[in-house]
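A.B. asks: In full-length UniProt numbering, the protein residues as written are 1 to 650.
By construction, the Cβ of each residue, glycine as well, lies at the ideal position given by its N, Cα and C atoms.
1) Just the Cα atoms here: how many angstroms apart are residue 573 and residue 356?
2) Quick test of the definition: if touching needs 3 or more C-beta pairs under 8 Å, does the region 277-290 touch the region 339-357?
3) Verify whether the separation of the beta carbon atoms of residue 636 and residue 124 is less than 9 Å.
4) If you draw a straight line from the alpha carbon of residue 303 to that of residue 314, how long is it in whole angstroms?
5) Answer yes or no: do residue 583 and residue 339 have a C-beta to C-beta separation smaller than 9 Å?
6) In this structure, does DSSP put residue 514 in helix, strand or coil?
7) Along the chain, which unbroken stretches of the beta strand (DSSP E) at least 3 residues long are found entirely within the region 240-324?
8) Based on the DSSP secondary-structure assignment, which residues constitute the bridge partners of residue 130?
9) Mind checking whether residue 311 and residue 250 have CB atoms under 9 Å apart?
10) Starting from residue 565, trace the beta strand (DSSP E) in both directions and tell me its first and last residue.
11) At the level of alpha carbons, what is the spacing between residue 565 and residue 420?
12) Strictly by DSSP, which residues pair up with residue 502?
13) Is the CB-CB distance between residue 634 and residue 111 below 9 Å?
14) In three-state DSSP terms, what is residue 684?
15) Name, in chain order, the residues that DSSP records as bridge partners for residue 208.
16) How would you write the range of the alpha helix (DSSP H) that residue 534 sits in, first residue to last?
17) Work out the CA separation of residue 479 and residue 485 for me, nearest whole Å.
18) Do you know offhand how far residue 245's Cα is from residue 325's?
19) Report back the beta-carbon spacing between residue 121 and residue 334 to the nearest angstrom; my notes put them in contact at under 8 Å.
20) Counting C-beta neighbours from all protein chains within 10 Å, is the total for residue 567 16 or more, i.e. buried, or is it exposed?
21) Measure the C-alpha to C-alpha separation of residue 114 and residue 332 and round it to an integer number of angstroms.
22) Since residue 574 is in the alpha helix (DSSP H), which residue starts that stretch and which ends it?
23) Report buried or exposed for residue 556, applying the criterion of at least 16 other Cβ atoms within 10 angstroms of its Cβ.
24) Can the beta-carbon of residue 424 be found less than 9 Å from the beta-carbon of residue 407?
25) To the nearest angstrom, how far is the alpha carbon of residue 512 from that of residue 364?
26) Could you give the residue range of the beta strand (DSSP E) that holds residue 613?
27) Can you tell me whether DSSP reads residue 588 as helix, strand or coil?
28) Just to confirm, is the Cβ distance from residue 518 to residue 532 under 9 Å?
29) Under 8 Å by Cβ, that's how I've got residue 622 and residue 459 pegged, so tell me the actual separation to the nearest angstrom.
In C-alpha cells form, the structure reads like this:
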C-alpha cells in the first residue's frame, strides 16, 4: 500500500471560504522531487512514538516480508527512482485524501488562538530519542568499543581482497554452484593464516575454514558448515561463554526508518535481519536515536560500519544476555522545531502552558489511516464484515490521488481484466501489498481470496483492522468530549491496574479527565455506561458489525480490544522562540554534532523569521503530531494543507 511522504508541512490558519474556493486557481508551490513519492515504510506528516496497540506488538515481532534479495534490490531502485507525474499536480491529487474530520479528529482541549508554523521543513527539525523501560533516554555519546581479548585484530577487516569478499559472499548466500572458495596465502606465515581464518569466520557467519597444500602453496579453503541453515543461525561455538550473547548499541539515523536501517545493517554484515531486535520503530523523516540489539555480532564489527555507512552512526556498545522486545519502553523524547511561526509571544505562551498543564486529545493520527482515497480503516471494516470481495476490490481497484505510475497502470489492468497475472505484469515492485495480494490470487485462485490475502505479512494484515478500531475510537472520543467536556462523569471508564472499571456517581470527584480511558472495540472490553456506550453500538451497527460479537471465524482477525487514555499530558515540556535568517541552518545541536564538536550556529537577535523550539516526552502509542496540532490549532492532514495553498519547502 503506497503512502506519500512530505518533506514539510506549512500549517497555516484557514482562510475565508472564498479564499478556499479560489485556491484551485492559485499556482501551487513546487514540491521537491524527493517529497513527491514515498514507500510503505516512510512517514508522512505523522509521527507515532511506537507500534500503536499492545495487540500489535506481538504481531510485528521479527516479521519480515519474504523476498529474494535481488527482488528487494530491484524494488528499492524502482521506489527510489520512480518520478511519474507532474509535481505541480500533487496538490490537486491530494484533494482525494483524508482530512482529520474524516477520521473523527475534530476537537481541541485548549482555548488559545491558533497560529501557523512549518513542521519538518528540514528532517533535522524533528529529533526523537527513545526512552528505555528504566526511564533512561538513549543518546549517542560514545564511539568506543568494549575491550575483549576474544576480538579479532583490526587486520581481520583488511586482509581479504574485495574479490575474495565477493566470492565468499556468493558462497555464503548459496548464489552459485561452488561448494568452497580457495584463498591463496601470500607471504605465508602461521600468523597470516590465522588472521585469514578469523576474517572468514567473523565476516561470513556460517562458513568454516581449513588449510590445504596445493602445488606447494598454502590455501585457506572456506566451505559451508551446515548448509542453508548456517546463515540464519550465527555460529554458537565461536562466541566466548563469558560474553553476553547480544551486542546492544545505540543507532543514530537520519532520514531512514528503523526497518530500512536494519536491512542496510544486515546486508553490510551479511546476516539475516531477524537477528536484530528493538523496542519500537522510529520515523523516517527525522533524526532518531534508539537502542538496538543484535545476536552474536561483535561491537568491533559494528563499529567498523561507521566508516562506510551514510546517515547512520553506531555507538554506546555493550554485551548483554537478552535481546530487546517490542513495547519494552517508556516512550520517546521529542525535540521539534516549528519554523516561520506567526503567533505572538502571548499566543505561544498560552499554547505551550496548555500543552504542559492540560495536554492534548490522544487521537490516532492521520498516518494510521493512509494517505490515499481508500482509507485503511475501510479495508479493516470489510475484513471484520467477512466481505472478502470488498477487501480485494478496495486494495486493487483504481483510486484517485497521489500514487506511483506503475501502481496506477496495475490498477487499471485489474479493473479491465480481473486477471491477477496481467495486473502483476504491470507491477515491477512486487513486495507492496497490491503485489502480494495479486501473487496470492495467482496461487490460490479468485475463489479463495482469504488464502490469497493471507500471503500478505501478518502485521500488515492486522494493520487494517487496527485502523478500523482507531477510526471508531477517534469518533467516540470526539463525541465524549462534545457531550461531557473535560471532566470525569459517572459511567466513564478508568483503569485499576490493568482492569477497567466504571466511575460511580459517589466517586466521580476522585477522578479527573486524565484518569478516563475509552475502549477500542473488541470482545474483551467493557463500554461506558452513558450515552457514549450506546454510540459505540450505533456506530458498529451502521457498519454491519455486532459489538457483542467481535470474534472472527479467522482467529487472527478476532479483536480482543484495549483501553486508551483520552487525554495525554506530555512530560518534560520546554520551549523557546528563536529568530533566524537562513532556513537551511540547524537551530539546535544533535548527538552527532556534539560528538564531532560542531558548534551551534550563532543566531541573530532580530532575524527575518521566528521558530518555536519545543521539547516533550510522550508514552508509547501516542502521536507527536497530535500534540503539535493542539499547539497550532490546525488540521494536520495533507489534504487540508494543500487546499489551503500550503507551501512545501525543502
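C.D. replies: Well, looking at it:
1) 6 Å
2) no
3) no
4) 6 Å
5) yes
6) helix
7) 246-254, 276-278, 287-295 and 312-320
8) 332
9) no
10) 562-565
11) 43 Å
12) 493
13) no
14) Absent from the structure is residue 684, since the part of the chain shown begins at 1 and ends at 650.
15) 223
16) 531-542
17) 9 Å
18) 15 Å
19) Not confirmed; about 16 Å, so no contact.
20) buried
21) 25 Å
22) From DSSP, residue 574 is part of no alpha helix (DSSP H) but of the beta strand (DSSP E) over 571-580.
23) exposed
24) no
25) 22 Å
26) 609-618
27) coil
28) yes
29) With a Cβ gap of about 20 Å, residue 622 and residue 459 do not count as contacting.
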